[in-house]
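Single-structure report; data block below.
Residue numbers (this note's numbering), protein chains in the order written: chain E, 4 to 479; chain S, 34 to 262.
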């Protein structure tokens, strides 16, 4: 006999043993404890099998080992020892991912996270005598935040045009450029796009991009290490300084003072400064008046909340970047429902696509609602037994009191069984508890009802669809 | 006078390895994401679900893979992001929502932590009973980021998982129970992680105190006593 035939015949014997065990212990115990057993090897003295976890081994060894041994002996005709070992399940190999682009998906889905060294190979600024220092000062840029990927519409066209102008002009066109708008409307995208573009068009220019909070950290660190001189020098020798989310500088006096001096020094030397914030300069809280007025000297461009058309455009462009087919119905649904800002809109699309990739199904309106239910619905209401009884009674046109009554006529008994079945599946209530709510019935009655409905469901498509409909009505 | 001894609470260490995690339909999506890391749809992810549904366990499994730092409300309140992460790039933000709702300073700090992790090209895992999108957060910058975090639910256990869960909880306390006891409990308990945890703890204590084995009559006695109270 060839090797493979030996193995397959042992496997067949094992399958027969499993079949007998299944009949002996019942479906629930079989699925929990015996089905996960994997046959490893068998010789005259010993049959070895594996389970995925330690406590499963103890449980199976304690409760089923004797029966396994007896049945195995029946099957092969000789007495052999049963050995159960723990063998953790192999992890699934990740499939190549579809999702690679996104405002919030800053980290590509595929591949390992980039190491700090790789990051250093993609400098945010061009070669300069002190490249290393600038890199440590500058924040990293998202390679996907470019002008090409920015969807332009009425609400953001002014900011977009101003950003492009600053990025492409040889001389400083207006100073500073102050971009402002509510959260998640694309300020950071525009900031990164400016930095990318300057790097492409004027590689010799020194650009620093960082968030106000990082500026603050750097400054505080310099104060701590008594190295404020080199801090000042570094910041004041750049060609372009970009500070994101400047509202976070409000209220911090020392940092604000330093920022103000840096800002003035750069503007006086005719170096470009680009600032973003969530409010206009005059509305910034905790910022000194002289600073507010200086921030407003150049061009102030605001980004307005999105319109339905812009949201449609963003979703379509994003779906194209992701290279996935999103049904038009889903795009319209999202554009209609998620109106707060672009970050949340793209975040929602990312989630849907990621989920579809994970489970290997196409995107549909139904999965969209399921995946985004934490965003779309205000809260997760747990359905109660009373609600189930009411809904089922309405559906089958019987009285609610029939749910508790002892009447056995099929016209009321069947809906009652269905309500018990749904109570078992949609709530966490125990069988005795469910029995109590149905007129003080015994838990074995509930068990019987659950079994009955399961039987009917598997034999009758129409019945099964009816139950699904009820379930969906109750869950939404 | 109750003659039962007061047991010393020596505590027990639940087994929290990947091979100890029970995979079932109610949590398989979350497990799949942990297994796929760093192939995630973004640099932040959220797991949410009822108390005891395995969020902490799963976060623990991920921490073992990713060297992620566990961030608590206290730690966040005291330390800046760079100090908190101490050279690491990944972190788990565990059960922070209550403290977060009450403190705008903490919200600001979480926002900075979020940006810091993103800057460092690290990953962040949020856990809580509710999805991050639902956390009551006043700081708009943070709220909009949380709303964009892909969040996946861990649900209530089905019968199969519930049975295995009970066995595991007993196993964690080095207790063995019979199949009959298991069946008895599965039929009579609320099918929630919380109920399972509670009954196992109660039975463990009671059996230690009375020095009795965990049998069906013994459990019946405990359950009846609890109903009376």
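Beta carbons: idealized from backbone N, C-alpha and C, even for Gly. What you are looking at is a predicted structure, and each value in this text was computed from that prediction instead of being measured.
Residue pairing by DSSP places residue 78 of chain S opposite S:158 in a beta bridge. As the crow flies, the alpha-carbon of residue 193 of chain E is around 15 angstroms from that of residue 157 of chain E. Under the 8 angstroms Cβ criterion, the segment 257-274 of chain E counts as touching the segment 223-240 of chain E, having at least three qualifying pairs.
A Cβ-Cβ separation of about 11 angstroms leaves residue 347 of chain E out of contact with residue 317 of chain E under the 8 angstroms criterion.
If you look at residue 305 of chain E, you'll find it in the beta strand (DSSP E) that goes 302-306. Contact of residue 174 of chain S with chain E is assigned, a C-beta pair being separated by under 8 angstroms.
For residue 222 of chain S, the chain E residues whose Cβ falls inside 7 angstroms of its Cβ are 433, in order along the chain. Interface criterion not met: the Cβ of residue 144 of chain E is under 8 angstroms from no Cβ in chain S. Bounds of the alpha helix (DSSP H) holding residue 318 of chain E are 311-325. Under the three-state reduction of DSSP, residue 447 of chain E is assigned to helix. In this structure, the straight-line span from the alpha carbon of residue 41 of chain E to that of residue 194 of chain S is close to 19 angstroms. Residue 124 of chain S has S:102 and S:157 as its beta-bridge partners, per DSSP. Under the Cβ criterion of 8 angstroms, residue 251 of chain S is not counted among the residues facing chain E.
For residue 163 of chain E, the closest alpha carbon among the candidates E:183, E:147 and E:439 is that of E:183.
For residue 361 of chain E, at least one C-beta of chain S is nearer than 8 angstroms to its own C-beta.
Among the bridge pairs identified by DSSP, residue 185 of chain S is matched with S:80. Taken through DSSP and simplified to helix, strand or coil, residue 242 of chain S comes out as helix. Along the segment 209-283 of chain E, the alpha helix (DSSP H) occurs as fully enclosed runs of 4 or more residues at 215-227, 231-239 and 256-271, listed in sequence order. Under the DSSP assignment, residue 184 of chain E falls in the beta strand (DSSP E) whose first and last residues are 180-184. Its chain contains 365, 366 and 370 as the residues whose beta carbon lies nearer than 7 angstroms to that of residue 359 of chain E, once the 5 sequence neighbours on both sides are disregarded; these appear in chain order.
DSSP, reduced to helix, strand and coil, places residue 290 of chain E outside both helices and strands of the structure shown, so it counts as coil.
Taken atom to atom, the span from the alpha-carbon of residue 430 of chain E to that of residue 214 of chain S is near 23 angstroms.
Straight-line measurement puts the Cα of residue 26 of chain E at about 22 angstroms from the Cα of residue 456 of chain E. Boundaries of the beta strand (DSSP E) harbouring residue 51 of chain E: 49-54, taken from the DSSP string.
Between the segment 235-250 of chain E and the segment 196-212 of chain E there are three or more C-beta pairs closer than 8 angstroms, enough to call the two in contact. By a beta-carbon distance limit of 8 angstroms, residue 434 of chain E does not contact residue 451 of chain E. Their separation comes to about 10 angstroms.
When C-beta distances to chain S are compared with 8 angstroms, the residues of the segment 195-226 of chain E below that value are 214, 216, 217 and 220, in chain order. Across the structure, residue 387 of chain E and residue 403 of chain E are spaced so that their CA atoms are roughly 14 angstroms apart.
Bridge pairing for residue 94 of chain S: absent [DSSP]. Within chain E, the residues placing a beta-carbon under 8 angstroms from that of residue 209 of chain S are 61 and 65, ordered along the chain. Contact annotation: the segment 75-90 of chain E does not touch the segment 220-233 of chain S, with fewer than three C-beta pairs closer than 8 angstroms.
The three-state secondary structure of residue 366 of chain E, taken from DSSP, is coil.
For residue 257 of chain S, no chain E residue has a Cβ inside 7 angstroms of its Cβ, as the nearest lies near 13 angstroms away.
Taken through DSSP and simplified to helix, strand or coil, residue 86 of chain E comes out as strand. In the three-state DSSP reduction, residue 234 of chain S falls in the helix class (H, G or I).
Residue 178 of chain S sits close to residue 147 of chain S, with the two beta carbons spaced by under 8 angstroms.
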